[in-house]
Amino acid sequence: MKKPYLNSIEYIRGVSMLGVVAIHIGAQYLTNPTPNVNLIAVLEIASRFSVPIFFFISAFGLFYKIDLSEPFDYGKFLRRRFKAVLLPYLIWSALYIIHDGFFYSTGIPAPESLAKSLFFGLAKYQLYFLVILIWFYLLMPLWIKIIKNLTPLKFAAIFFLQIAFNCFSSYSVDLFQFTQSLPSDSILKLFLQWRLNYLVLHYIFIFLLGGILAIHSQKFFDWLKANKKIVSAGFFAALTVHLGYFYFLVYVEKYDLMAAVNTAHQLSPTGFIYTIAASIFLFMLFECVEFNKIFRAGLSILGKNSYFVYLFHPLAITYLDFAMKHFGQVMTATNTIIFYVLTVLISLVASLIWNCFTK
């Protein structure tokens, strides 16, 4: 029996896309010598759920449609998913390599550098997400097998192992020193240096969580309806703790803002918990709360165009930044907010125009 279409997945994509753009605009704002700490907290910390939540909703969408009692057609699955992900990844990687080569006068990279860029998603800073997603797709039979045999105890173990692994990958001084000690032409150094760009181990729990909740979607939605206050309280508590960790690093540990942002990221323990809380909260919001038609239409537009906006928005950022410098403007707090709004609008208009020509 075909399950009903879930608008909530589309809405979450739209909200998450806004968060991804915020993170990249935040990076622009950090070039200001005296940025507003609270605006950085919004752009770079509160939005940190937006990258891993895409893995959550990707898994939810996949397992929502899969009947685990039937044989899994791996070949058909890969053909469909690679058409939707691999082909756009290669096209946009080529576009950014050519564009940036001319725009920054760096030229086209040598074949060895080109292979490195494509494998690790280095053609542009947002494209690594698609590399990880492709690896998740390639390993789909493994995820199906794990979920079929998953018990609450095993899942709890994965939860704690995920936190431990992410902390080791993010904060281990020994790992950093070992990586730095390797010869510059070492293949191992390359894979360790860019581990965040391809290694699915950083996001296994959130992906499996999306798959499990999708399989039990009706029970999940019923639970959300019965526990809206608890879900909301959990989300705001997780957000408070995650923001608190950032402010602690800045005001108590005296980290500079860049170091604080790079420490309180989505793979930190607080960021990890916050992602889980945000994933569940947004599903509750869009499945259990009634919004007016205009608001839902806006969310739908964002969601339907989120993929193109995600792929395109670095171009908008590049040319807006060029225009700001040309007119002698700096990234003040006000200019940053305007920069963010313009980036979203330009990218959204570009997506709508693209859709008109490709329908």
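Under numbering that gives the first Met the number 0, think of the first position of the sequence shown as 0, with each following residue one higher. In this text, a Cβ means the ideal position worked out from N, Cα and C, and glycines have one as well.
Residue range of the alpha helix (DSSP H) that includes residue i
i           : result
residue 173 : 172-180
residue 339 : 332-357
residue 19  : 6-28
residue 221 : 216-225
residue 33  : Taken as a continuous stretch (DSSP letters only), residue 33 belongs to no alpha helix (DSSP H), as it is neither H nor E.
residue 264 : Note, residue 264: premise wrong, no alpha helix (DSSP H); not H, not E.
residue 327 : Per DSSP, residue 327 belongs to no alpha helix (DSSP H) and is neither H nor E.
residue 286 : 268-287
residue 190 : 186-192
residue 63  : 51-64
residue 144 : 139-147
Nonlocal neighbours in the same chain, by C-beta distance under 6 Å from residue i, ignoring five residues either side
i           : result
residue 305 : 12, 13, 16
residue 31  : 330
residue 97  : none
residue 8   : 56, 60
Cβ shell of residue i (< 8 Å), same chain only, five flanking positions each side left out
i           : result
residue 81  : 133, 136
residue 300 : 13, 347
residue 196 : 119, 120, 121, 127, 130, 131
residue 210 : 58, 59, 61, 62, 142, 146
Nearest neighbour of residue i, chosen from the options [CA to CA]
i           : options           : result
residue 116 : 189, 156, 155     : 189
residue 205 : 107, 289, 53      : 53
residue 142 : 250, 58, 33       : 58
residue 55  : 212, 253, 168, 86 : 212
residue 359 : 113, 2, 6         : For the chain, the structure presents residues 0 to 358; residue 359 sits outside this window and is missing.
residue 122 : 272, 110, 99, 106 : 99
residue 158 : 144, 208, 120     : 208
residue 344 : 155, 309, 242     : 309
residue 83  : 333, 307, 29      : 307
residue 332 : 252, 76, 18, 26   : 26
The ligand FAD heavy atom lying under 7 Å from the CB of residue i
i           : result
residue 163 : For the structure depicted, the ligand FAD is absent and the ligand set is empty, with no information on it obtainable.
Close Cβ partners of residue i (< 7 Å) along its chain, the five nearest in sequence each way excluded
i           : result
residue 342 : 20, 24, 312, 315, 316, 319
residue 227 : 283, 287
residue 150 : none
residue 216 : 63
residue 140 : 71, 73
residue 245 : 40, 44, 259, 263
residue 298 : 10, 13
Tell me, please, whether the stretch 280-293 touches the stretch 219-239 by the rule of three or more beta-carbon pairs shorter than 8 Å.
yes
Assess, as a yes-or-no matter, whether the stretch 122-129 is touched by the stretch 91-103 under the definition of 3 or more beta carbon pairs within less than 8 Å.
yes
Take every Cβ of the stretch 24-38, pair it with every Cβ of the stretch 47-60, and state whether three or more of those distances are shorter than 8 Å.
no
The stretch 317-330 in contact with the stretch 260-273 per 3-pair CB rule at 8 Å:
no
Those runs of the alpha helix (DSSP H) which lie wholly inside the stretch 72-131 and span at least 4 residues:
73-83, 85-102, 110-119
Count the C-beta pairs between the stretch 158-178 and the stretch 192-207 that are closer than 8 Å, then say yes if the count reaches three, no if not.
yes
Pair every Cβ in the stretch 176-192 with every Cβ in the stretch 240-258, then say whether three or more of these pairs are closer than 8 Å.
no
Counting pairs of Cβ atoms below 8 Å between the stretch 289-300 and the stretch 210-227, do you hit three or more?
no
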